[in-house]
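S.K.: What follows is a structure written as structure tokens; I'll ask about it next.
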Amino acid sequence: MERVSTPTGLTRPRRRRWLVWFLALCAVWTLGAIAWAAVALLTPAGDDPQEAVERKAGMHHDQHQPAGRYYIPTYAKVEKDGTAVLRYEVGNGQDSSVKDFLRTYDITAEPKRASPSEVTYSDRFGDVRRTFTITYNPSPGAGGYDCARITVRARGTDAS
Amino acid sequence: MGFFAMGSPAVLGGPHSAKHMLHHLSNTGEPLDIDVDALMGDLPDMNRNVEAQPAENAPNWEAQALAEYERTGKPVKYVQQTGWQGWTAEKDPDWYHAVGSFHYNTVAQVEVDVVPGPDGEPKTTIRYQTHVYDRYNWDANKATPVPPMGNVSDAQMARLHQPGQAKEYDMGGQSEVRTWNG
Numbered sequence: 002m003e004r005v006s007t008p009t010g011l012t013r014p015r016r017r018r019w020l021v022w023f024l025a026l027c028a029v030w031t032l033g034a035i036a037w038a039a040v041a042l043l044t045p046a047g048d049d050p051q052e053a054v055e056r057k058a059g060m061h062h063d064q065h066q067p068a069g070r071y072y073i074p075t076y077a078k079v080e081k082d083g084t085a086v087l088r089y090e091v092g093n094g095q096d097s098s099v100k101d102f103l104r105t106y107d108i109t110a111e112p113k114r115a116s117p118s119e120v121t122y123s124d125r126f127g128d129v130r131r132t133f134t135i136t137y138n139p140s141p142g143a144g145g146y147d148c149a150r151i152t153v154r155a156r157g158t159d160a161s
Numbered sequence: 418m419g420f421f422a423m424g425s426p427a428v429l430g431g432p433h434s435a436k437h438m439l440h441h442l443s444n445t446g447e448p449l450d451i452d453v454d455a456l457m458g459d460l461p462d463m464n465r466n467v468e469a470q471p472a473e474n475a476p477n478w479e480a481q482a483l484a485e486y487e488r489t490g491k492p493v494k495y496v497q498q499t500g501w502q503g504w505t506a507e508k509d510p511d512w513y514h515a516v517g518s519f520h521y522n523t524v525a526q527v528e529v530d531v532v533p534g535p536d537g538e539p540k541t542t543i544r545y546q547t548h549v550y551d552r553y554n555w556d557a558n559k560a561t562p563v564p565p566m567g568n569v570s571d572a573q574m575a576r577l578h579q580p581g582q583a584k585e586y587d588m589g590g591q592s593e594v595r596t597w598n599g
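First to last, the sequence lines map onto chains A and B. Numbering-wise, the first sequence is residues 2 to 161 according to the working numbering. Numbering-wise, the second sequence is residues 418 to 599 according to the working numbering.
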């Protein structure tokens, strides 16, 4: 072990100096980790790509807070012309149905029948014009359906 | 998720939603009783609907009971019910997360009293009780925003049931017996 002389004549191992630097580095790293965790927890998360499309179409849960539970789109994309397209699949139960979907997203427009198994709704959400196309998959029972596919097309009125 | 469930009364403001979630995570699958009187107390729209049903059906039920009484001359007591109907607890976040949409059926006992009332006519009494049923399970393609966890999808919750880490269950209950006297 190499010893280093000091002005007082006493010697101190060089190893101790490295230890001090190492502990200082650990403390700095720990403080940095704590700061990073604090920033990560306290900073609101931005939208992921799917949420960005939902928000553009006025279908994000933040935009319909009273509902409490929301549908997850099976497809979410912004087309080249800026139209946000979302697709959903709903069942025919109480918790997942076309009626529940309309209630969740505050869609109060009058339906228009496009075909025996297809109905459309059109409305505006802020500056966004939206069209909902609901395609029912009929069930064997009269007048019922097993599931329905809902396509939402939303485009800003300023064509942005 | 269990840690969140314990704290959900503070986050979502829901002791009932916390209780139901914890029962799910308890992995027993045992049916859970719903306090229907508390449910109807917290959902005044539903309560009004239930209380209106005896009044709406009373003329028909009374007519049937009186016809039977006149035919037999004996006291009449029989049961009628409104049939299962659906309701969504959308106005109360706690119950919405606890039961969401559920079914209820009001069963009424219609009784024609042999001893005539003050006006000399047989007296009809309708006692009714509301039954509630739901299944605590998860819906495909739905999610719930859970601060600070972010969106928790029903598919994620259903994955707890599949390997046996949590269990879906039936829940139900009945209200106290109420009396409709016209």
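Each residue gets a CB set at the ideal place from its N, CA and C atoms; glycine is no exception.
Hey, which unbroken runs of the alpha helix (DSSP H) at 4 residues or more fall wholly within the segment 465–515 of chain B?
M.R.: DSSP runs (the alpha helix (DSSP H)) wholly in the segment 465–515 of chain B: 510–515.
S.K.: How about I135(A) and V120(A): do their beta carbons lie closer than 8 Å?
M.R.: Your numbering for residue 135(A) matches position 134 in the first sequence. Your numbering for residue 120(A) matches position 119 in the first sequence. Yes.
S.K.: Expressed to the nearest angstrom, what Euclidean distance is found between the alpha-carbon atoms of G590(B) and E487(B)?
M.R.: Counting from one through the second sequence, the residue named residue 590(B) turns up at place 173. Counting from one through the second sequence, the residue named residue 487(B) turns up at place 70. Their backbone Cα atoms lie some 36 Å apart in a straight line.
S.K.: Counting only Cβ pairs nearer than 7 Å, list the residues of chain B close to Y72(A).
M.R.: For the purposes of this step, residue 72(A) is taken as the residue at position 71 of the first sequence. Residues of chain B passing the Cβ test: N558, K559.
S.K.: Does the segment 564–581 of chain B touch the segment 500–513 of chain B, meaning 3 or more C-beta pairs lie closer than 8 Å?
M.R.: The answer is no - the segment 564–581 of chain B does not touch the segment 500–513 of chain B, with fewer than three Cβ pairs under 8 Å.
S.K.: According to the neighbour-count rule (16 or more other Cβ atoms, all chains shown, within 10 Å of its Cβ), is G59(A) buried or exposed?
M.R.: Start at 1 with the first residue of the first sequence, and residue 59(A) comes out as number 58. Label assigned to G59(A): buried.
S.K.: Can you give me the start and stop residues for the alpha helix (DSSP H) that M457(B) sits inside?
M.R.: Position 40 of the second sequence, counted from the first residue, corresponds to residue 457(B). Per DSSP, M457(B) belongs to the alpha helix (DSSP H) from 453–459.
S.K.: Could you check where the beta strand (DSSP E) with M438(B) kicks off and where it finishes?
M.R.: Numbered from 1 along the second sequence, position 21 holds the residue referred to as residue 438(B). Where M438(B) is concerned, there is no enclosing beta strand (DSSP E), although the alpha helix (DSSP H) it sits in stretches over 432–442.
S.K.: Could you tell me whether the Cβ of G446(B) comes closer than 8 Å to any Cβ of chain A?
M.R.: Looking up residue 446(B) in the second sequence gives position 29. Not closer than 8 Å to any Cβ of chain A, the Cβ of G446(B) fails to qualify, so no.
S.K.: Using DSSP with H/G/I as helix, E/B as strand and the rest coil, what is M418(B)?
M.R.: What you label residue 418(B) is simply residue 1 of the second sequence in a count that begins at 1. Its pLDDT being 48, under 50, M418(B) is placed unreliably by the model, and the measurement read from it follows with that caveat. Looking at M418(B) - three-state DSSP - the assignment turns out to be coil, as it is neither helix nor strand.
S.K.: What did DSSP end up calling R56(A) once you bin it into helix, strand or coil?
M.R.: Counting from 1 along the first sequence, the entry for residue 56(A) is found at position 55. In this structure, R56(A) counts as helix in the three-state DSSP scheme.
S.K.: Give the single residue among I108(A), S118(A), T75(A), S116(A) whose Cα lies nearest to the Cα of G127(A).
M.R.: One-based indexing of the first sequence puts residue 127(A) at position 126. Here the closest residue by C-alpha is I108(A).
S.K.: Kindly list the residues whose CB is nearer than 7 Å to the CB of Y513(B), restricted to its own chain and excluding five residues on each side of it in sequence; keep chain order.
M.R.: The residue given as residue 513(B) occupies position 96 in the second sequence. Closer than 7 Å at Cβ, skipping near neighbours: A506, E507.
S.K.: Could you compute how far the alpha carbon of A160(A) sits from the alpha carbon of D96(A)?
M.R.: Residue 160(A) sits at position 159 when you count from the first residue of the first sequence. Residue 96(A) sits at position 95 when you count from the first residue of the first sequence. Unreliable positioning characterises A160(A) in this predicted model, as indicated by a pLDDT of 48, which lies under 50. The coordinate reading is nonetheless provided below. The alpha-carbon atoms of A160(A) and D96(A) are separated by roughly 35 Å.
S.K.: Is there a Cβ from chain B that is less than 8 Å from the Cβ of T136(A)?
M.R.: On the first sequence, position 135 is the one that residue 136(A) refers to. Not an interface residue.
S.K.: Can you grab the Cα-Cα spacing for the pair A85(A) / Y76(A), in whole Å?
M.R.: Reading the first sequence from its first residue, position 84 is the one you call residue 85(A). Reading the first sequence from its first residue, position 75 is the one you call residue 76(A). Cα-Cα distance, rounded: 10 Å.
S.K.: Between the segment 469–501 of chain B and chain A, which residues of the former have a C-beta closer than 8 Å to a C-beta of the latter?
M.R.: So nothing in the stretch comes that close.
S.K.: Taking DSSP's pairing of strands, which residues face Y106(A) in a bridge?
M.R.: The sequence position of residue 106(A) within the first sequence is 105, counting from 1. Y106(A) pairs with nothing; no bridge assigned.
S.K.: Grab me the residues of N138(A)'s own chain with a C-beta within less than 8 Å of its C-beta, minus the 5 sequence neighbours each way, in chain order.
M.R.: By 1-based counting over the first sequence, the position of residue 138(A) is 137. Answer for N138(A): S118, Y146, D147, C148, A149, R150, listed in chain order.
S.K.: What residues of chain A sit near Y513(B), judged by a beta carbon separation below 8 Å?
M.R.: Taking the second sequence and counting its residues from 1, the one referred to as residue 513(B) is at position 96. What Y513(B) touches in chain A: G69, R70.
S.K.: With respect to the beta strand (DSSP E) encompassing I73(A), which residues constitute its N-terminal and C-terminal limits?
M.R.: Locating residue 73(A) in the first sequence gives position 72, counting from the first residue. Run containing I73(A): none; DSSP gives neither H nor E here.
S.K.: Is it right to say P67(A) is buried, meaning 16 or more other beta carbons lie within 10 angstroms of its own, or is it exposed?
M.R.: Numbered from its first residue, the first sequence carries residue 67(A) at position 66. The residue in question, P67(A), is exposed, as its Cβ has fewer than 16 Cβ neighbours within 10 Å.
S.K.: Output, in sequence order along the chain, the residues in the segment 75–90 of chain A whose CB is closer than 8 Å to any CB in chain B.
M.R.: Correct list: T75, Y89, E90.
S.K.: Examine the Cβ distances between the segment 518–532 of chain B and the segment 489–497 of chain B and report whether three or more of them are shorter than 8 Å.
M.R.: The segment 518–532 of chain B, when compared against the segment 489–497 of chain B, does touch it at the 8 Å Cβ threshold.
S.K.: Which residue from P112(A), E90(A), A53(A) puts its Cα closest to that of N558(B)?
M.R.: The sequence position of residue 558(B) within the second sequence is 141, counting from 1. Cα-wise, what sits closest to N558(B) is E90(A).
S.K.: Go ahead and pull the three-state DSSP assignment for G33(A).
M.R.: Here residue 33(A) corresponds to residue number 32 of the first sequence, with the count starting at 1. Residue state, collapsed to three classes: helix.
S.K.: Mind checking the segment 92–112 of chain A against chain B and listing, in chain order, the residues whose C-beta falls within less than 8 Å of any C-beta there?
M.R.: Under the 8 Å Cβ criterion, the segment 92–112 of chain A contributes G92, G94, Q95, D96, S97, D101, R104.
S.K.: Three-state secondary structure (DSSP) at P139(A)?
M.R.: Position 138 of the first sequence, counted from the first residue, corresponds to residue 139(A). Here P139(A) sits in strand by DSSP.
S.K.: If I measure Cβ to Cβ from W19(A) and keep anything under 6 Å in the same chain, skipping five residues before and after, which residues do I get?
M.R.: For the purposes of this step, residue 19(A) is identified with residue 18 of the first sequence, where counting begins at 1. Here the set comprises nothing.
S.K.: Could you run through the segment 45–65 of chain A and flag, in chain order, every residue whose CB is less than 9 Å away from some CB of chain B?
M.R.: So the list reads A46, E52, H62, D63, given in the order they occur along the chain.
S.K.: If we cut at 8 Å on Cβ distances, does S570(B) have a partner in chain A?
M.R.: Taking the first residue of the second sequence as 1, we reach residue 570(B) at position 153. Judged by the 8 Å Cβ criterion, S570(B) is in contact with chain A.
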